[in-house]
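Protein chains in written order, with our numbering: chain A, 18 to 720; chain B, 7 to 332; chain C, 24 to 321.
We put the beta carbon where it would ideally sit given N, CA and C, even for glycine.
Quantities reported herein were computed from a predicted structural model and do not represent experimental measurements.
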Amino acid sequence: MSDTSALLTVENLQIEFDVRQGVATVINNLSFSVNRGETLGIVGESGCGKSVTALAIMGLVPSPPGRVAAGRILLEGENLLQADESRLRQIRGNEIAMIFQEPMTSLNPVFKIGHQIAETIRIHQGLGRSAAHRRAVDMLESVDIPAAEKRAGEYPYQLSGGMRQRVMIAMALACNPKVLIADEPTTALDVTVQAQIFDLLKDIQQRTGTAIIFITHDMGSIAEMAHRVAVMYAGRKVEDGSVDHLLVNPRHPYTRGLIACVPHLEKNPSVQRRPLTEIPGVVPSLLLRDKGCPFEPRCACAIQKCKEAMPPEYHQKAGHTTACWLNAPGSDIPDSPLEVLKESTLEANMQTRPSAGGGKFSEEILLRVNNLKIHFPRKRTHPFARRSAVHAVDGVSFNIRRGTTFGIVGESGSGKTTTALGIMRLVNITSGRVTLGNEDITRMGGAQLRRIRRRMQFIFQDPYSSLNPHMRAGAIVREPMDLLDVGEKSGRDSHVADLFAKSGLRPEQRAYFPHQFSGGQRQRIGVARALASQPDLLVCDEPVSALDVAIQSQILNLLSDLQAEFNLTYLFISHDLGVVQYLCDEIAVMYLGRIVEQADRISLFKSPLHPYTWALLSAVPSAKPGQSRTGKRIHLKGDTPSPIDPGPGCRFAQRCPFAEADAKCISEMPALREIKKGHRVACHQVTDDGIAPQDELSVKLKA
Amino acid sequence: MRFLATLFRRLMYAFFLLVAVLVLNFMLIHLAPGDPADVIAGEMGGATEEMLADIRAAYGLDKPIAEQLFVYLGKVARGDLGHSFYFNQPVTDLILERVGATILLVITALALSVFAGTFLGVLASRKPNGFFSHFVTVFSLLGYAAPVFWTGMMLLILFASWVPIFPVSGMYNVALNGGRLARAFDIFHHLMLPMLTLAIIYLAQYSRLSRASMLDVLGSDYIRTARAKGVSERMIIYKHALKNAILPVVTMAGLQMSYLFSGAILVETVFNWPGLGRLAFESILRRDYPTILGILFFSTFIVISANLLTDLSYRLIDPRIHAGAK
Amino acid sequence: MRFSKEKTAGRDLDDVVPVDHPLKEMWRMFFKNRAALFGLGLLLTIILMALLGPLLYHIDPFEIVWAPLAPPGEEGYLLGTDYLGRDILAGIIYGAKATLVVGTAAALCTVCIGVTVGAVAGFYGGWVDNALMRVTEFFQVLPPLLFAMVLVTLFSPKLMIISISIGVVSWPGVARLTRGEFLKIREREYVMAARSIGSSNLRIIWKVILPNALPPLIVTATLIIGVAILFEAGLSYLGLSDPNIMSWGFMIGSSREYIFESWWAVTFPGVAIFLTVLAVSLVGDGFTDAFNPKLRQL
């Protein structure tokens, strides 16, 4: 079975963890291999064993409680599971290197970064102090860190997240490893920074021929980065094959679900919007070892056989393998579960809702935000220092019509969450005006504010921290009714039960405590709590970004259904362009505290005017393989600058590829002006008839 | 530059703290039941009317209270902490005579407990469920629960009476005629038991703290990074982990200076160590308030200086502090 | 089967039976901890001794009952007599009261001041926090024992004065801890959620933040009792105890000059203090383990 040509081969790996309730089989009979110069993507939800696999290859599975129960891991024929600790140390960082998900905590805070890179070199190549330092600086240059010599003398806290991840990459590559393992390397980063890191990794692979094992939960990243992909579920590999083949013809129902449940960004979004495919439930506990397929309880196409026995691995065309009974040759059921899926999609299509441009909305404006400014004064470093402030939100205006969804999209530091908190009156507003219906709520207080809170409610980002762990779920949902005095006292309990049912929870679950629910269920409780006071406006701050991809679609569909049922108005905050495109009727793009572009969903994605919007859209990896790899992408240099006392010019000028030519961008803040009906942009470079600088660029490129 | 600004700010702050202690002293004299002049003279001083009148004049006790405060502060600014009627000596002289002995005791005990405690904690953290680790846990529990003066007495009974290898009390042998080295050794010989007594409780606490801190750090992401780089286990423990794990220990050492000083009072009493603590005990017995308040001021001064030092050394270890980042 | 809602809803919860308050679960953890139970048993024994001892053992601890410096066992005096001929065992039985009363009262005082200051500072932040933390630091640089000695001497050594003095000198640690917890919990989204449904500040402090900050506070409160007992022992060793009430520290202090002639007169009261503090610490450690979610998951 062992493939002599492969660089790294994992064979029948089994890893077990001792937990209080017994033994959990975290990795079960896992096999894969990776060749020189190749990128293998490993994809799956959290808890599917991706990271443990990576740690096992490094020989770093924490033991106890973990242990490798069976299998072989071969690096050029040498079984790493039998190597002793000193041999493993020679391999780690030298032949196999790893970068981690959290760049903020993965570097040692008390050592200079140059020293941390040089350490790897000194350990493995025996170089002297100064030679290692020179090599470390070279490495920093090779990962495109400007002023590398100076940076080498800095500490991790002085670097941004993107920079730290570059340092991690420089450290990992310092000894030219044969294999590089990247465990969700960009999950904690903004999408434009993610694009930079992806390009860097691809560039390095081309230069050095390093094999990369790329771990992610995002099919888009797989399509962009990987040559081959292995899909993992509950510690097993359920499907693998080349990216070009597998993403176009996914065979396993889980893979299909993973692809279909994520709202992918489209260049030409359709007017009609249909519910997302859901993968119901959650990844099962690895303690329960049923004899059947672990995906069976969540599978839409499961048959009796799936309950009874674990499917074997079936070989398809072009090295594509799957582990699903439905893919068995000569099975009664057609070659693929495609037919079954089609049927359910058909039914789903019947429930499409109207959306902007397609259906009709009321023209009544529910929320008006007028020149909203939220500044946070900073603590002075010494008594004679100038007073400075963080301009978190700096002059934001928009209106939301009743019954629609208004999206605010932006990267971290854009001020989108602060805007939402300001509107909810959860942070102090520096200046500007917020009007709900026809009431000015900007300076409201006391009983008045409590009365208005009934009409607007908030859904939080983190379902693990937004529910008080000391209250039962039912009490959490009932609390706003009591505090805001909603409805008759006697009817409240039955109203809670009703809300539970509407939010997709069972009324009996009212007696449970938050820690007894899964992430998706907790978010459902959060939704039910927000609905308890029968509000008009729901402000949703990244309500799905803390959830696993398969769970995201459940919550997005729930929000969609509730909007239709109660004629709710949403203010939807997100960093995920796909989600925003899917859910929102009108969208504002924020950058450093200001709206740079605002339009309805069709025109924004079809013809983005602002260079930032354009860069943002081009940075999102597409789930269609090969598409964005060949397509052009504009690169933003560096990271979002600091919002502390920004200069007079356009906030985006520092990173804008078109700004250099024009001094106006540096000296004068562009106003938001309407180019087409409902399409507003704040950029000096966009002409009045709607020609954006990037359009001119592509004209030039064609010529 | 930034460092100088910080230093300046910390010094100003320390100065205000000291003034606050003086104000507290002043308030205590006036809050106490009875005539402030009586308090200053001390009940046991056998104060005559004449003495009381002198005191009233010197401290301006017939003037408004705010003016009295300034008189008091002015006296302290000139180095005058009052006159001890029991010892019949200026309080400042009395304190300066004794302060050296206390600093010697406290610094050696602190050094021993921090270094040995950290070392034990690090050793224990390497096998968190091993025998040694449990030993450190139990030892720290016992060391914490024993009253320090009792521990001192037990050590005295053991090592000065049953197995007489250490002297019973005092700081040096008055009868000793010898060179400098011999005298230094003599002081060290006398120092051993009091220092050990004082060190034991803190040793227990530091070993427990550094064990917990090491375990915490060893589970962090950057230690995983170091492992993934192929760093040897030794280097991971003594370089990557220890430099981070020592930070809470340094913080604790700074915070505990005042407690260490409290311990010194009890230990000095047990071993008749001629330091500030013993002086405090003697003056409490005689109700000699000028002395005791002088000691309170002076020991606070020492604690504040020590805090300043730990603060600065913390900055040397943790680069993040420089920018006020954390 | 379809992708239906019914399938989505909480299927993984179907077999979860226990629905207990999180604090109850912590109690269960506590009662599984053998060291903590031993500590609890020891503590209860000492409390019983303080309550019932004087009813069963009728010798006045201040009375001179036999020859001075009698070793343990002589004339039926189990633990011997001190330099005046007072019964050591009587002293230990009657001394338990002072130790326990002062220990608990002082700890209560410490926790009340500390939690109030810490909660206000941590919740309101800004200049309130700044001002309160400066005050806390001020109290932190005063050597606590010395400060307490001054207070007790100035205001006469009564049980209440001693307890309050100990509280006044030892609250800063509790305040810092409480402030830290409040600052941490204040940032949690459920606090923001409570605000968004119209909860008042007082409700947020009492009903939302405090219950979640409780575990570390319970642990500290327990450990503070131990500290306060040691403190009381230190003060009475230095002669600053209520002259009408026997206490263990006083016994040791008064026999200070006679340790080589009567080791028992200092050893046994010391053992009593040691065991009491040990018992309290074991209970405190039991709470720590029970409250530590990391340990509970394993």
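Open item on the list: I need the DSSP call for I469(A), collapsed to helix, strand or coil.
Closed with: Correct three-state label for I469(A): helix.
Task: Check whether G118(C) and S270(C) have beta carbons under 8 Å apart - done: yes
Task: Contact list for G262(C) against chain A, beta-carbon separation under 8 Å - done: In chain order: nothing, as chain A lies at least about 47 Å away.
Open item on the list: Could you check whether the Cβ of R84(A) sits closer than 8 Å to any Cβ belonging to chain C?
Closed with: no
Task: Assumed close pair M115(A), R181(A) - CB separation to whole angstroms, cut-off 8 Å - done: With a Cβ gap of about 15 Å, M115(A) and R181(A) do not count as contacting.
- [ ] Taking only the alpha-carbon atoms, compute the straight-line gap between L653(A) and I162(A) and give it to the nearest angstrom.
- [x] 14 Å
Task: Secondary structure of V725(A), DSSP reduced to three states - done: The structure shown has nothing for residue 725(A), since chain A only spans 18 to 720.
Open item on the list: Let me see if you follow: with CB-CB separation under 8 Å, is F314(C) close to chain B or not?
Closed with: no
Open item on the list: Could you give the first and the last residue of the continuous beta strand (DSSP E) run that contains M488(A)?
Closed with: For M488(A), no beta strand (DSSP E) encloses it, and the DSSP letter there is neither H nor E.
Open item on the list: For a contact defined as C-beta to C-beta under 8 Å, what are the partners of S319(B) on chain C?
Closed with: Those do not exist, as S319(B) stays about 17 Å from chain C at its closest Cβ, beyond 8 Å.
Task: Per-residue DSSP class, three states only, for D349(A) - done: Any reading at D349(A) needs caution, since the residue's pLDDT is 47, under 50, leaving its predicted position unreliable; the model's value is listed next. D349(A): coil per DSSP, three-state reduction.
Task: alpha helix (DSSP H) segments (min. 4 residues) lying fully within the stretch 88 to 139 of chain B - done: 97 to 132
Open item on the list: In the DSSP output, what is L389(A) paired with across the bridge?
Closed with: V413(A)
- [ ] Determine the DSSP secondary structure at L600(A), reduced to helix, strand or coil.
- [x] helix
- [ ] Specify the secondary structure class of T422(A) as computed by DSSP and reduced to three states.
- [x] Reduced to three states, the DSSP call for T422(A) is strand.
Open item on the list: Using DSSP's beta-bridge definition, name the partner residues of Y172(A).
Closed with: DSSP output for Y172(A) lists no bridge partner at all.
Open item on the list: So with CB distances below 8 Å, who are the chain A contacts of D227(B)?
Closed with: Chain A residues near D227(B): F117, E119, T122 and S123.
TODO: Counting only the same chain and skipping the five closest in sequence on each side, list residues whose C-beta sits under 6 Å from that of V451(A).
DONE: V386, I440, I458 and T459
Open item on the list: If the criterion is Cβ atoms closer than 8 Å, does the pair W287(C) and P166(C) meet it?
Closed with: no
Open item on the list: Since P674(A) and P628(A) should fall inside the 8 Å C-beta cutoff, what is the C-beta to C-beta distance between them, to a whole number of angstroms?
Closed with: In this structure, P674(A) and P628(A) form a Cβ contact; the two beta carbons are roughly 7 Å apart against a cut-off of 8 Å.
Open item on the list: Quick check on the DSSP output: the beta strand (DSSP E) that includes E685(A) runs from which residue to which?
Closed with: Premise fails: E685(A) is in no beta strand (DSSP E) and is neither H nor E.
Task: Extent of the continuous beta strand (DSSP E) run through K254(A) - done: R253 to S259
Task: Whole-angstrom distance between L302(B) and L75(B), CA atom to CA atom - done: Here the alpha carbon of L75(B) sits roughly 17 Å from the alpha carbon of L302(B).
Task: Interface residues of chain A facing K249(B) [CB-CB closer than 7 Å] - done: V127
- [ ] Could you name the residues of the same chain whose beta carbon sits closer than 7 Å to that of M156(C), not counting the 5 residues immediately before and after it, in chain order?
- [x] A144
Open item on the list: Taking only three categories from DSSP, how would you classify R53(A)?
Closed with: coil
- [ ] Determine the burial state of H269(A): buried for a count of at least 16 other Cβ atoms within 10 Å of its Cβ, exposed for fewer.
- [x] buried
Task: Test: L200(C) CB closer than 8 Å to a CB of chain A - done: No, L200(C) does not count as interfacial toward chain A.
Task: Beta-bridge pairing of T104(C) - partner residues as DSSP gives them - done: D110(C)
- [ ] Per DSSP, which residues does S448(A) bridge with? Please list them.
- [x] K390(A)
Open item on the list: Relative to the C-alpha of I193(B), which candidate in A107(B), L202(B) and I252(B) has its C-alpha closest?
Closed with: A107(B)
TODO: Taking only beta-carbon positions, decide if V197(C) is within less than 8 Å of chain B.
DONE: no
Open item on the list: Closest to A680(A) by C-alpha separation, out of L689(A), K693(A) and P665(A), would be which residue?
Closed with: P665(A)
Open item on the list: Please classify A313(C) as buried or exposed, where buried requires at least 16 other C-beta atoms within 10 Å of its C-beta.
Closed with: buried
- [ ] Please classify K284(A): is it buried, with 16 or more other beta-carbons within 10 angstroms of its beta-carbon, or exposed?
- [x] exposed
Task: Three-pair Cβ contact test at 8 Å for the stretch 277 to 295 of chain B versus the stretch 93 to 103 of chain A - done: no
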